Structure formats: structure tokens, C-alpha cells
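Here's the structure, in C-alpha cells; my notes come after.
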Ligand code: SF4
Ligand code: SF4
Ligand code: SF4
Ligand code: SF4
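Residue numbers (my numbering), protein chains in the order written: chain A, 1 to 228; chain B, 1001 to 1293.
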């Protein structure tokens, strides 16, 4: 029964249950994250969002889809990657939902599942950023941009020549990346943090065809945590 | 007062105008900045791509270094300011997170108890030093220079920080006091798209075009910024916007600390004004030249 391709209405598929487990773990790390339950679908977030016009699923719809057990649809949207993290929605949400952080949690869920997304260039940039930080401890913009365009469309690099020229003229270009002194200790910190994070990941995901909607959120033990 | 200075990656070189002017203005107002030794990138953009504990630990290393100095942190880059503040808040509110992060920091011989405050220069200027004390140091009247105050999206959001979240007024008040004519600028908080300029260029070009248009329509001579990323988008990509939209924008973009430095009578060179890509325009240069003639 539980492996049937056609689910009973209101029951979750296995993929959905997996995604939910990862996503809810991320939401737990947001102070007052449990308020995601309180969305009244007013659309204030979408109306405040400077880039909602370019999204395929609006911020309000993201929350609705999550509640309806459609995380997979969200994972495949381009919306979460267009979000510029400007916090306009979060500031205005009448229910105090941290939409920006929820979107971060969605991004992380995709990265963790290594889903193919509609905006792979964002993942490319994010990964290069992490590499850059891991190798130097500081961001070297030149290296980041050069590698990014080498992966996503090399011809675009030529477009940067005039800018590079200007930057040289105004002494605004660092030609080489600089490593921080305690680079080794930063790497150790990062390694340890990765280990710690793994402790919280259950080894095998339990499949539970729970009801979607609020019942699916039922056991989030967050209400006790203080909000704002 | 003395602060632990966290310049952040952009200020190191590409946005040296911000770095130099922050240092110069704070010095002129008798505030001491001690750069945090061996700080690391706050990890703003990596926030989405790695595990929570990792991004918190990376940014907390800076908080720990600041705590060791016994000073509050001054972070002029809006993005750093938001990232460091957010980390600080999570570590203070969720004890399990602080425990985990401290376990990681211990690997580098560090620990963080949550005592440091993360501050933005605008906050310190207006709320600690105070407008009256700053005004007492003015050497030069901005002579009705028309200014569009662009706060960018992050310094007053998401948490209640130091100014209103819908209509911040600190920049307006500061430059009005300097003799500037702060124009109506309803897009003062509208996001410029940040990194979208790299990942979704057309969307970002549109956002920035709208900002420039709004400033121009309201008669601004200059646009004042508080964030290196906004500054980069509005300044370095202005030409690209012009090509794309067949517009003819030529609006000087200037850091608020640079303009304040002019009002304080500081030498143009110490404010990094020579690093601007867009000519500062007659009105601004007259202000600086008259003074140094
Ligand atoms: S603003 Fe808040 S309550 Fe309204 S639709 Fe968006 S998330 Fe839901
Ligand atoms: S944080 Fe993202 S979703 Fe929210 S308003 Fe800004 S761009 Fe839109
Ligand atoms: S916000 Fe940007 S500039 Fe500031 S430290 Fe982080 S990555 Fe570097
Ligand atoms: S306006 Fe742009 S650069 Fe400034 S804080 Fe917002 S996204 Fe970042």
C-alpha cells in the first residue's frame, strides 16, 4: 500500500517524506521557524518582493505548496534561486514568518539532495564561493568571477575587460588572492563543524506516510523556543 | 570609543573608497578602530550551500576574535553586518547551536560566549556619537547638493536594528544637517539584487535601472550608498544598464562616509574619492576643490 504510485489523497510520497525531513530539520534552526504554520495566504510577501515578477512560483505559493505536500515542485522551481535575500517579505509578513530563511532552508535542501535545478548557475556560484573561502579564508572576487564564467559561459569574460581596466586604473583590483594566517585553524574549525552537523542527521530516513498540511508539521518541537 | 574593525572582503581592495573613508571619518571624530587581526570572510553567500553549523562557525570565528579583544565589532559592509548579526542572534537564542559552534571553534583555540555587539557605522555616528556632536565638526556646507539616500535592503532588516524598517531616516537627517538637499527617494530600501547581477543579470539590471531612474526623476545629483555590493551594482554596471536600456545615466555613486568626510573637511584623497568609476560631477568636485584650493 505504502509503495503505491497513486497515493491516497493527503498522504505523502516517499520522496516528499524524505525532503520534508531534511527541510524541517533546516527550519528548526531558524529562530521562531515554527511560525511557518501560521501563514494566512495574504500575499503580502509576494507583493513586497522586488523579484516576484520573475519567479515561477511566488513566495506565497511556496508556503502553500509546502503545506500541500508539494516540496518537490518547489525544489524544481527557479523562484528559490532568484530570491535576493532582501528580507522585504520577512519584515512585512503579518504572521511573523521568516520567509527569507525558509527560502534559504529550501535552497539548502536542494543542495543537500543535489537536485538538478532550473538555475544551476546559482549552485555553481555558491560552490565556487565555498571553495574560495576554504582555500584562502577570504573571498577573492577576481578568482570567483573568473572561475564562474569559465563554467557558465566563457565569452562573457571578455565583457569584463573594460571594467578590469577601470579597476586597475583606480587601484581597485587585487591581482592575487591572499590567505589568512590562521588558515589551518580555520580549516580545522570547518572540518569539526561538518562532523557536528552529521551527528544530527539520522542515518536512515524513516518513511512515514503522514498526512500533509499542518499534521505533517505536528511533531515540530519548537513552540517552546522563544521568538522575537 | 574603540571598536574592533571588520572591513570584510570587498572593502579590502575593490571598494577601498568605503574602507578609507570609514577610517578617515572615524579618526576625525576621535573614534579608534582596531582591525581584527586575521579576520576571515563572513561567509554571506555560502550561507545557502553548506550545512548550518559550518556557516555559523565560519562567521562566529570573527565574533570570537572580537570578543577576545573585548570590543564591539564595526562592520561597514551591509552584507557582513547582516550575516554577523544574524549569527550572533542565533548563537544567543539557541543554546544548542552555541554549544555546537563552540565545539568547532575550540579546534582553532577560540570560544564565543555571545557578548559582542555587531554595529554599523551609521548607527554609531547617529546614535552613539550623535548628530549634534558630528555637526559641531562640520567644516563645509554641502550647499544644497541634491542627494538620493540609498540604504539598501540589509542594514535595517530583517531584525529591528537601529532605524525604521520601512522608512529609515538616519541618512536623511545626517545629510540635511550637512546642508545637503535630501531628495524624495521612495526606493531607499528597495533591493538592488545583490549577487543576482552575476546569476540573473537581466533581473538585476532592471532593479538597478529602476533605482537610478527614481533618483534621477527626483532630481538627485548623487546617490549615497552604505553597502559595497549595492555600490558595485549601481556604479560599475551603470554603463551596462545604459547599453541594455538605451539610457544615459551618469549619476555619481558615493559612499555616505565619503560625503560625510567632505562635510568634515577631510582631504579628498583620504576619502578614496579618487577610486570612483563615474566622474563625481561638477557639484561634488567644486565642494572638494574649493576647500583645498
Ligand atoms: S506574508 Fe506571511 S502570511 Fe502572508 S502569504 Fe506571505 S507568508 Fe503567508
Ligand atoms: S527575501 Fe527573497 S522572497 Fe523575500 S522579498 Fe526579498 S527577494 Fe523576495
Ligand atoms: S559580506 Fe561579502 S564582503 Fe563582506 S565578508 Fe562577507 S563575503 Fe566578504
Ligand atoms: S541592496 Fe543589494 S547589495 Fe545592498 S544589501 Fe540589498 S542586496 Fe545587498
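Yeah, the Cβ is synthetic: ideal placement off N, Cα and C, and Gly gets one too. Remember, predicted model here, so these are calculated numbers, not experimental data.
Residue i: CB within 6 Å of a non-hydrogen atom of ligand 1
i                       : result
residue 95 of chain A   : yes
residue 91 of chain A   : no
residue 1225 of chain B : no
residue 63 of chain A   : yes
residue 45 of chain A   : yes
Same chain only: Cβ atoms within 8 Å of residue i, ignoring 5 sequence neighbours per side
i                       : result
residue 1040 of chain B : 1058, 1061, 1062
residue 1034 of chain B : 1002, 1003, 1004, 1005, 1069, 1071
residue 1164 of chain B : 1156
Which of helix, strand or coil DSSP assigns to residue i
i                       : result
residue 20 of chain A   : helix
residue 1223 of chain B : strand
residue 44 of chain A   : helix
residue 51 of chain A   : coil
residue 191 of chain A  : helix
residue 1095 of chain B : helix
residue 1076 of chain B : coil
residue 196 of chain A  : helix
residue 1181 of chain B : strand
residue 1133 of chain B : helix
residue 1035 of chain B : strand
residue 1157 of chain B : coil
residue 30 of chain A   : coil
residue 1278 of chain B : coil
residue 174 of chain A  : coil
residue 119 of chain A  : coil
residue 1292 of chain B : With a pLDDT of only 48 at residue 1292 of chain B, under 50, the local geometry of the prediction cannot be trusted, and the value read off the model is given with reservation. Three-state DSSP puts residue 1292 of chain B in a helix.
residue 267 of chain A  : This structure leaves residue 267 of chain A out entirely; chain A is present only between 1 and 228.
residue 222 of chain A  : Low local confidence applies: a pLDDT of 43 at residue 222 of chain A is under 50, so the model's placement there is unreliable, with the coordinate-based value given in what follows. The answer is coil: DSSP assigns residue 222 of chain A none of H, G, I, E or B.
residue 2 of chain A    : Annotation note: pLDDT 43 at residue 2 of chain A (below 50); position unreliable, coordinate value reported separately. Residue 2 of chain A falls in the coil class under three-state DSSP.
residue 59 of chain A   : helix
residue 232 of chain A  : An answer regarding residue 232 of chain A cannot be provided, because it is not within the stretch 1 to 228 covered by chain A.
residue 1018 of chain B : helix
residue 1002 of chain B : strand
residue 1148 of chain B : strand
residue 104 of chain A  : helix
Proximity test, residue i beta-carbon vs ligand 2 heavy atom, cut-off 6 Å
i                       : result
residue 51 of chain A   : yes
residue 1203 of chain B : no
residue 84 of chain A   : yes
residue 88 of chain A   : yes
residue 1053 of chain B : no
residue 1158 of chain B : no
residue 59 of chain A   : yes
residue 235 of chain A  : Past the edges of chain A, shown from 1 to 228, lies residue 235 of chain A, and the structure says nothing about it.
Under 9 Å by beta carbon: chain B residues contacting residue i
i                      : result
residue 185 of chain A : 1061, 1107, 1108, 1109, 1110
residue 172 of chain A : 1013, 1014, 1015, 1016, 1017, 1275, 1277
residue 181 of chain A : 1037, 1038
Under 7 Å from the C-beta of residue i: neighbouring residues of chain B
i                      : result
residue 122 of chain A : 1199
residue 138 of chain A : 1009, 1040, 1041
residue 188 of chain A : 1107, 1108
Listed by chain order, chain A residues near residue i by CB distance under 8 Å
i                       : result
residue 1196 of chain B : 51, 82, 84
residue 1073 of chain B : Under the 8 Å cutoff, chain A gives no residues; its nearest Cβ is about 16 Å from residue 1073 of chain B.
residue 1119 of chain B : Neighbours of residue 1119 of chain B on chain A: none; closest Cβ ~19 Å, over 8 Å.
Cut-off 7 Å between Cβ atoms - residues of its own chain near residue i, not counting five sequence neighbours on either side
i                       : result
residue 1100 of chain B : 1053
residue 1172 of chain B : 1149, 1182
residue 42 of chain A   : 94
residue 1230 of chain B : 1150, 1152, 1192
residue 72 of chain A   : 15, 16, 19
residue 138 of chain A  : 178, 180
residue 1223 of chain B : 1148, 1150, 1215, 1234, 1251, 1253
Nonlocal neighbours in the same chain, by C-beta distance under 6 Å from residue i, ignoring five residues either side
i                       : result
residue 1120 of chain B : 1081, 1155
residue 92 of chain A   : 44, 48
residue 1270 of chain B : 1024
residue 58 of chain A   : 46, 52
Contact set between residue i and chain B, taken where Cβ atoms lie within less than 8 Å
i                      : result
residue 166 of chain A : 1236, 1277
residue 90 of chain A  : 1157, 1158
Check: residue i C-beta below 6 Å from any heavy atom of ligand 5
i                     : result
residue 41 of chain A : Summarising the ligand content, the structure contains ligand 1, ligand 2, ligand 3 and ligand 4 and does not contain ligand 5.
Where residue i meets chain A, residues with beta-carbon distance less than 7 Å
i                       : result
residue 1207 of chain B : 50
residue 1193 of chain B : 84
residue 994 of chain B  : Nothing can be reported for residue 994 of chain B: it is not among the residues displayed for chain B, which extend from 1001 to 1293.
residue 946 of chain B  : Missing from the structure shown is residue 946 of chain B; chain B here goes from 1001 to 1293 and no further.
residue 1053 of chain B : 193, 196, 197
Interface residues of chain A facing residue i [CB-CB closer than 9 Å]
i                       : result
residue 1253 of chain B : What residue 1253 of chain B touches in chain A: nothing, since even the nearest Cβ is about 13 Å away.
residue 1241 of chain B : Chain A residues near residue 1241 of chain B: none, gap ~13 Å exceeds 9 Å.
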